[in-house]
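Residue numbers (this note's numbering): 131 to 389.
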Amino acid sequence: MRMTILQENEQDCKLEIIEGTGEVLEDLSGTGRKRPWSERKSESVELLNLFEMARKIDESVISQTRLQALKDCGSWLTFAQQADGTRRLANANFCRLRLCPLCGWRRSLKLFSQVSKISEAILAEKKARFVFVTLTVENVKGEELRATIKRMNEGFKCLVQDKKGMAASATFRANLMGYMKAIEVTYNTKRNDFHPHIHCIFELAPKYFRGKEGGYLTHEDWRVMWRSVMKLDYEPQVDVRAIKNHHGKSRGGSCKVSC
131 MRMTILQENE
141 QDCKLEIIEG
151 TGEVLEDLSG
161 TGRKRPWSER
171 KSESVELLNL
181 FEMARKIDES
191 VISQTRLQAL
201 KDCGSWLTFA
211 QQADGTRRLA
221 NANFCRLRLC
231 PLCGWRRSLK
241 LFSQVSKISE
251 AILAEKKARF
261 VFVTLTVENV
271 KGEELRATIK
281 RMNEGFKCLV
291 QDKKGMAASA
301 TFRANLMGYM
311 KAIEVTYNTK
321 RNDFHPHIHC
331 IFELAPKYFR
341 GKEGGYLTHE
351 DWRVMWRSVM
361 KLDYEPQVDV
371 RAIKNHHGKS
381 RGGSCKVSC
């Protein structure tokens with residue numbers, strides 16, 4: 131992985147490229163942690179090897195152009211040196227393949243930043259509380275994955291839209307102000323099956339946390355509700371966590387997940 135520094139020349143305000151210093155550059159997060167570029171790149175190389183083996187059987191699994199893009203993904207990074215001496219990633223080459231671990235990690239960082247900004251903007255305008263919910267089903271084989279995800283999307287739709295005969299869902303919707311939803315699929319190498327699950331952040335009216343009279347749903351309520359909309363013959367795993375609002379001096383604030 132090649133890294134380059136762009137440093138502003140104070141005399142002509144042009145960016146000077148600094149290379150070959152022998153310095154090992156590190157990209158640090160806002161909390162000072164070293165970001166795992168090398169680890170994610172190693173994972174993308176593993177994916178590259180799998181695609182190369184797959185192409186020997188069927189070349190249609192991925193084009194040579196996209197395969198080369200995966201190979202080059204993250205091979206060079208350019209950092210811009212700030213006035214205070216810190217450095218920020220200014221440019222890089224990414225393949226943007228959906229399965230690429232490096233690009234997937236970058237997308238997760240971007241999504242986290244976007245969610246943080248959105249929550250801060252919401253809290254600056256109105257009172258609200260947030261709940262982080264994970265809805266799951268049992269692992270499925272590859273040929274069942276598409277249909278299972280479709281069923282999960284339909285089940286989720288029943289939670290947030292009008293569904294006759296579901297008192298818990300109706301009570302929840304009365305407090306629902308908005309939500310953000312994402313589907314994640316993990317793969318079990320030992321069992322050769324997939325685990326699709328939904329992650330969602332619900333924006334709720336503050337009265338939701340005032341107990342049953344406010345419409346609060348217990349963990350068991352969520353489990354029963356999810357099982358009902360999915361028409362499952364087993365007890366699904368559901369994770370529900372309140373997100374505490376940490377307000378600063380301004381009207382806005384940040385959010386922190388707590389169990």
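Don't be surprised by glycine CBs; every beta carbon is placed ideally from N, CA and C.
Quantities reported herein were computed from a predicted structural model and do not represent experimental measurements.
Any Cβ of chain B within less than 8 Å of the Cβ of residue i?
i, result
"LYS374", "Included in the structure is just one protein chain, with no chain B present."
Can you check which of these residues, the options, is closest to residue i by C-alpha distance?
i, options, result
"PHE332", "THR316, ASN318, LEU306", "LEU306"
"ASN283", "LYS311, VAL261, VAL270, LYS256", "LYS311"
"ALA304", "ARG163, HIS325, GLY345", "GLY345"
"VAL359", "GLU314, LYS287, TYR317", "LYS287"
"LEU362", "ARG163, GLY285, LYS342", "GLY285"
"ARG228", "LEU200, GLY215, LYS247", "LEU200"
"VAL315", "LEU239, ARG217, ILE279, GLU250", "ILE279"
"GLY272", "TYR317, SER172, LYS171", "TYR317"
"ASN269", "TYR338, THR161, THR319", "THR319"
"LEU239", "ILE328, PRO166, PRO326", "PRO166"
"LEU178", "GLY341, ARG237, ARG259, ARG196", "ARG196"
"GLU169", "MET183, CYS230, LEU180", "CYS230"
Between which two residues does the alpha helix (DSSP H) harbouring residue i extend?
i, result
"PHE242", "231-255"
"ASP202", "194-202"
"ALA258", "Counting along the chain, ALA258 falls outside any alpha helix (DSSP H), and DSSP gives it neither H nor E."
"THR161", "Where THR161 is concerned, there is no enclosing alpha helix (DSSP H), given that its DSSP letter is neither H nor E."
"ASP214", "Neither: ASP214 is in no alpha helix (DSSP H) and is coded neither H nor E."
Give the DSSP-derived three-state secondary structure of residue i in the structure shown.
i, result
"ASN318", "strand"
"VAL370", "strand"
"ARG185", "helix"
"ASN375", "strand"
"VAL270", "strand"
"LYS361", "coil"
"LEU275", "helix"
"LEU347", "coil"
"LEU227", "coil"
"ARG340", "coil"
Mind checking who residue i pairs with in its DSSP beta bridge?
i, result
"ASN305", "Answer is none; ASN305 lacks a bridge partner."
"ALA220", "Partner(s): none; ALA220 has no beta bridge."
"LEU265", "ILE328, VAL368"
"MET310", "ILE331"
Output the boundary residues of the beta strand (DSSP E) element that contains residue i.
i, result
"PHE324", "323-334"
"PHE209", "206-211"
Give me, in chain order, the residues of the same chain whose beta-carbon lies closer than 6 Å to that of residue i; leave out the 5 immediate sequence neighbours on both sides.
i, result
"LEU275", "PHE324"
"VAL263", "CYS330, VAL370"
"LYS379", "Confidence at LYS379 is low in this model, with a pLDDT of 37, below 50, so its placement is unreliable and no value can be given for it."
"GLY308", "GLU333"
"ALA184", "VAL191"
"GLU182", "none"
Here's a check: name, in chain order, each residue in its chain whose Cβ is nearer than 7 Å to the Cβ of residue i, leaving out the five neighbours to either side.
i, result
"ASN221", "THR208"
"ALA300", "none"
Apart from the five residues just before and just after residue i, which ones in its own chain have a Cβ nearer than 8 Å to its Cβ?
i, result
"GLN141", "Its pLDDT being 42, under 50, GLN141 is placed unreliably in this model, and the coordinates cannot settle the point."
"VAL368", "VAL263, THR264, LEU265, THR266, HIS349, TRP352, ARG353, TRP356"
Please find out if some non-hydrogen atom of the ligand PLP comes closer than 7 Å to the beta-carbon of residue i.
i, result
"LEU275", "Absence of the ligand PLP is noted for the structure shown, with no ligands found whatsoever."
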